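Written below as structure tokens is the structure these notes are about.
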Amino acid sequence: MEKGNKVNPADETRGPSKMPEPRRVTISELRDRLKNGDPGVWRSLEEIADDEEVKAFLDQEFPRHTAPWMGEMDRRQFLRLAGASLALAGLAGCRIRPIKEIVPYVKAPENLVPGIPKFYATALTLGGYATGVLVESHEGRPTKVEGNPEHPASLGSTNALTQAMILELYDPDRSQALTRDGRYVTPATFESDVKARLRRQIATGGDGIRFLSPSGSSPTVERLFARLQERYPKLRRHYWDAVHRDSVYEGARLSFGRPLEPVYRLDRANVIVSLDGDFLFEGPGSVRYSRDFADRRRVRKNSPAMNRLYVVESTMSVTGGMADHRLALRPSEVEAFAAALRSAIRDGASGSDAHGAFLSAVAQDLIANRGASVVIAGESQPAAVHALVNEINALLGNYGSTVQWIEPVVNPESRLESIRELTADLQDGKVEMLFILEGNPVYDAPVDLQFGEAVRRAGFSVRLGLYEDETSARCRYHIPMAHELESWGDSRAFDGTASIQQPLIEPLYNGVSPIKLLAMLLGDERSEREIVKETWQLAGLGGSAFDDVWSATLSKGVVPNSAFVAEDVSVSPFTAATSRASSSLEVRFKPDPTVFDGRFSNSPWLQELPKPFLQATWDNVMMVSPRTAERLGIEIDLSAVVVGGLAPVAELTVGGRKVKGPVWIVPGHPDDTVTVTLGYGRELAGRVGNGAGFNACQIRAQEGSWFAPASLALTGEKAQIALTQHHYSMENRGIVHEMEIGEYGHEEHDAAHEEMSLYPDREYDGNKWAMVIDTTLCTGCNACVAACVAENNIATVGKDQVIRSREMHWIRIDRYFDDLDNPRYVHVPVPCMQCENAPCEVVCPVAATTHDGEGLNMMVYNRCVGTRYCSNNCPYKVRRFNFYKYTLYPGTWDEETPVTKLLRNPNVTVRGRGVMEKCTYCVQRISAARRRAKKEGRPIRDGEVVTACQAACPTQAIVFGNWNDPNARVTAEKTEPHHYVLMEELNTRPRTGYLPRFRNPNPALKEAR
Amino acid sequence: MSQVVHDQEVSDTGQEQLISAEHSNASLTSKIGDIVLKQPSPKQWFVALGFGLIGLSGLLVSIAWLLYKGVGIWGVNIPVGWGFAIINFVWWIGIGHAGTLISAILLLMRQRWRTSINRLAETMTLFAVMCAGMFPLLHLGRPWIFYWLFPYPNALGLWPNFRSPLVWDVFAVSTYFTVSLVFWYVGLIPDLASLRDRAKKRIVQVAMGFLALGWRGSASHWYRYESAYLLLAGLSTPLVVSVHSIVSFDFAVSIIPGWHTTIFPPYFVAGAVYSGFAMVLTIVIPLRSWYKLRDLITIDHLDWMARITLVTGLIVFYGYLTEIFYAWYSGNVFESFMMANRMAGPYSPLYWSLIFCNGIAPQILWWRAARRNIIVLFAMSLIVNIGMWLERFIIVVTSLHADFMPSSWDMYTPTFWDILTYVGTIGFFLTGMVLFVRLLPAIPIAEMKHLLHQKMHGHSHEPEEAKA
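Taken in sequence, the protein lines are chains A and B. Going by our numbering, the first residue of the first sequence is number 10, and it counts up by one from there. Going by our numbering, the first residue of the second sequence is number -17, and it counts up by one from there.
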């Protein structure tokens, strides 16, 4: 009440109060009243507080404690309040640490220095295959995923999907409570219900219990299932993956008599032939394969040689874009090509069909590189192609050198067969208890199975999932699943290497992991950690020194010596007749490059990530070749100065089932083929993913899981798709220098900088940051873009803003092609050029963008008034502007979502409305390194500062460092004879330089390109 | 006092008629002064005010929405960071130029025909510069800190970046506005005194008396007034050239193809005068009919303005041809693409409309009959206004939408709010002009009396002649 003492009693008379009732009272009056009452009892304060006058006084004195409104609550107000409560509840309920510790540190936790992030090794899986990662954690908040250099599937790099998994963790649309038939129930209710039912199953040996899950490689999960199976011997497990690898295992069965998994050693291959395999972008090990592939393609002074890649494919893939020679075939034609290639290699028969020249050149090249070549078949090709390819690799003596066979990392059972059986059992009413762990089969199971209907026949169904999605809606119980970053677990990489998954944070939304659920079904009360630990103890990890090895394993992220050993195989020749190519138009299914099979539909980062070759965001499209488009009467002028995103809508019919979607022309796509990607048209994905694109699963049946005869007809409607690049020709502006490997070293580039200014050059005597990007190595996979978004708190703006050309990516991958029918693609990552003569700096009226002593072109957000002059004057157009308050833009997030704030990198300013932003060369990482170096009294070491894009890049196409350091890698790259900068004639003197796009064409195919 | 109404078109005698012969000093004062003091406003005045107020409300709504939501409500994007706002800024600033040219340069060159239109033109300048000045503020991402563009002492010890043409703009435009305002006001003083003396209502007497600063019309007043006026004219003269030169630097100093060109300053100044005269015509032609001022703003005035429009239009057209020539002659791929894209790209209809409006259509003004035909002249003035707006659109948008990196090329499409803001400033301008006509003498009474004196006695009493 001290504050109250200062109130002058005269206040009462001073100033008219707007509200005459109730009369205002003063502190002294109150004091008097208290005196007259019971002075000894403080409770009397509350008694007098009931008085209207006193209430008014309190409202006046402590306005924060006033009820926020007196009137009725309308919908908006309710939502606002609900949002605010969520904000507070969300923050308090984040459980960064156990609740009792949410007080300022009295005793600081050991090893935690506020402001210095910690990195934890764990693994993230896609399709069951693990990628080892290091997750950056700021005071308990995981903020960024980096590849684990120790992990064979990563070697320090990641792809875009792995980068975005950190956002999936925080996704406010993840399911947050256990529900039965859509209503909240307590976990105890579920537990007693399920346990009672399980008890009844003991009598039948668990005959009515079915589990359905996608591929998984967790040894602990397998162990728990084994225990369950002991208790319920007739329990059955089923598998379904929309992106399944049935043909790989079936092909291995045909060749070796048992299902095996191939592992490629691309670092040993001089010649690589891919038959519809997108091994640089999709499937297990693609990040590692990209690295190995790139290491044989990095053309430098000391190694001016490169491998050669032939791609025969039925769509336009990232791998296809990298090919030195590419042949586009319809999906069903690949088999015949494979057979012809086998004959050419086995019998020396020269190809006589339409692709004879190509085929015999490929065969010659392969034969010439026996043991140092590899042929890779894609998982979308039938088993026959795989068997043929297995035979070809054996004929070429590649086994043991470039191709190894290992025991399957995931269960090799046919996914189609498995879900077919389950559906049949469901329809026959044989399934009394159905557990669907992860996956989303109601959305992506073969449409002709009508799995969604069948699920309803299950007597009792339980769904464990991150989202309450299409599958949850058909199940009795939905259990929120813990994210991989929230739970203990283990998993294996493409080569069998195991990793222990550590939680980075307590489950944000009360999720439980599959391990926890299985343990509960077993009545095992122990923690997940103990169960996982036990698995590895039983597996004999470390022997007697288990505890030491265990903690070393956790910190390294890799279980030592856990990779599967190569099997000895003998190939039986493929003798069956190859199937004939169909003659009609074909549809080719493909996992989406950004949302994959739909599991990332609700990720705004991935939705806004441009799809390779399309540069489209937020939608899937039907891709056709220019000739097919012409035949269908589709008019999109790809040569226009600005290609708008207005796409004609067509109806695609497969086996009587129809789906409507926008058609887009992709040069290089095979004729008479339509590629559609999975993962769109979701109904219950969440606020971000709902309603985006069309659902290709609606035309994907058991037959023709990957390709099928189809027909396409225009409907006359148009749909707007959001493109990030609208012009596809370089207009001879030399943005990418294209060369053949034979030209290396000829025509030395004049590296000497010609003095073009009256003023002396600015001296940089300390660090001089610079970057070199090798366009030969860039596959256009967009991992760098996703990494940059994650590192730099870059906003997503939504489809309508992308259409308005306002995407915020600081680095973009420009893609150009030179021809419509037989195009050569080039990709150029374009971050800020950090020009020494920066045109942006001169024109800013408030000096918000300036140069620093290490040559960085700095952007001072606080000073920016937003004239956008800098962006206009930037010849590279790398600057991005906050046209709205994009941090909570409704196109992406309907409301303030405090939980996603936990994701933000605390070392990077979150930009507000009206401010310009751009690539900073990850200046926060430079500062961190500088601080470290200063403390240790040494200069910053080469390789100590790694930008986010550089770290993520699977092919390591980006090199960054101190140009003043003669021994730095970047300095070496800068002195490469063909190093160039973009638009040198403008004299902006960029710090970001490029190396040309080298190709290694087969001289025999030179004419054919 | 006989109220003489002369409303017929002064006949085309071949002799220049800047004031009809029947006027006396008294009739001039009453004719001009009564618009303010007595004459009820014609109904067209109310219609014009109505349109003006509707536009003004639109402006206020769009500004409020802009401040609430952000500059994203406009069609600007990356690569086209500047859109309607800068187009309109340049357009309005250009329009202002006629006022300064008429009042300053023509005064110094003793072009007597300027007399009856200079007040209107100067007022137009003021309102046009106000409209113009709004846009650079509103187009900022964070308009509430616009003052960071001014060099003021601050705790951060930070100056604006004097290398940036936008800072030059701040000085150029604010100087321009200040000088124009002072010039306009000084010119008004003797007329305000006349109105003060003639006013019947107390409030008008007080208001006019306050504004007239105690003007009594003594010889020493006149002597000082004439010197001050002349000095101000001298001060304004470089502004005619400098302001739009500096505005053109916003573009010319950049490196964007289509902007980075040395012809911009003279070409912008000519364009400004061109559009300014067109706007004066657009305003004067209806006004002289509504207020029956055909004897004071004669067909000869219109003829003169049409001639200047023609001359400056030719300079502008020459500018266009030079741009085309250099796009070819420089051999610069970016320049030549930019020009080809203007002519055949997605915005080519606008480019060819521009060529029609500013290059082809004004040629009709070579004919005396066309220059003296009110309808032709009015239509022509509108065409020029549109043409000059298109010119700024072409310069701003076509240069930016497809510049260096083909990957970043994109279209600019204005939104509803872009258009409403633009229409809103027209409403503001119209409201201002309409209120001015009603509240202050639209034609300088004192100067008209000079003119009358000259006409009657064949000589004038201008100060420099007195000195000579």
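Glycine included, every Cβ here is placed at the ideal spot set by N, Cα and C. As the structure is a prediction and not an experimental result, all values here were calculated from the model.
Test: residue i CB closer than 9 Å to a CB of chain B
i	result
P569 of chain A	no
E740 of chain A	yes
T506 of chain A	no
E747 of chain A	no
H860 of chain A	no
V112 of chain A	Unreliable placement is indicated for V112 of chain A, whose pLDDT of 49 sits below 50; the coordinate value is still reported in the next sentence. By this cut-off, V112 of chain A is not an interface position.
F892 of chain A	yes
Q843 of chain A	no
I744 of chain A	yes
D628 of chain A	no
Three-state secondary structure assigned by DSSP to residue i
i	result
M116 of chain B	helix
M490 of chain A	strand
P671 of chain A	strand
G414 of chain B	helix
N866 of chain A	strand
I744 of chain A	coil
L382 of chain B	helix
F598 of chain A	strand
F609 of chain A	coil
F503 of chain A	coil
S39 of chain B	helix
L195 of chain B	coil
V358 of chain B	helix
F367 of chain A	helix
Q933 of chain A	helix
G49 of chain A	For G49 of chain A, the predicted structure reports a pLDDT of 44, less than 50, and the residue's modelled location is therefore unreliable. A value from the coordinates is still provided. Coil at G49 of chain A, not helix or strand.
T984 of chain A	coil
Q21 of chain B	coil
T626 of chain A	strand
Same chain, Cβ closer than 7 Å to residue i, five either side skipped, listed in chain order
i	result
P328 of chain B	M393
I279 of chain B	S98, I99, V266, R270
G15 of chain B	S176, L177, R180, P423, I427
Cβ of residue i within 9 Å of any chain A Cβ
i	result
G15 of chain B	no
I127 of chain B	yes
Own chain residues within Cβ distance below 6 Å of residue i, not counting five before or after
i	result
N1009 of chain A	M315, R317, D333, I750
I365 of chain B	C339, A343
Residues sharing a beta bridge with residue i, DSSP
i	result
V471 of chain A	A:F444, A:Y486
Q510 of chain A	A:G498
F716 of chain A	A:R597
D783 of chain A	A:L1004
K127 of chain A	A:S146
Under 8 Å from the C-beta of residue i: neighbouring residues of chain D
i	result
V149 of chain B	Here chain D cannot be found, since the structure's protein chains are A and B.
**OP:** Output the residue ranges of the beta strand (DSSP E) runs that lie fully inside the stretch 136 to 165 of chain A and measure 3 residues or longer, sorted by chain position.
**Re:** Listed in chain order, the beta strand (DSSP E) runs fully inside the stretch 136 to 165 of chain A are 138 to 147, 150 to 156, counting runs of at least 3 residues.
Subject >> Whole runs of the alpha helix (DSSP H) within the stretch 942 to 973 of chain A, excluding any shorter than 4 residues >> reply: Within the stretch 942 to 973 of chain A, the runs of alpha helix (DSSP H) that reach at least 4 residues and sit entirely inside it are, in chain order, 957 to 961.
Original post:
Which residue spans inside the stretch 240 to 266 of chain A form an unbroken beta strand (DSSP E) run of at least 3?
Top reply: Restricted to the stretch 240 to 266 of chain A, the beta strand (DSSP E) segments that are unbroken, complete and at least 3 residues in length are 245 to 248, listed in chain order.
Original post:
What residue ranges within the stretch 808 to 872 of chain A form continuous alpha helix (DSSP H) runs of no fewer than 4 residues, ordered along the chain?
Top reply: Correct list: 808 to 812, 848 to 852.
Original post:
Unbroken alpha helix (DSSP H) runs of length 4 or more, entirely within the stretch 222 to 281 of chain B: which are they?
Top reply: Fully enclosed alpha helix (DSSP H) runs of 4 or longer: 246 to 272.
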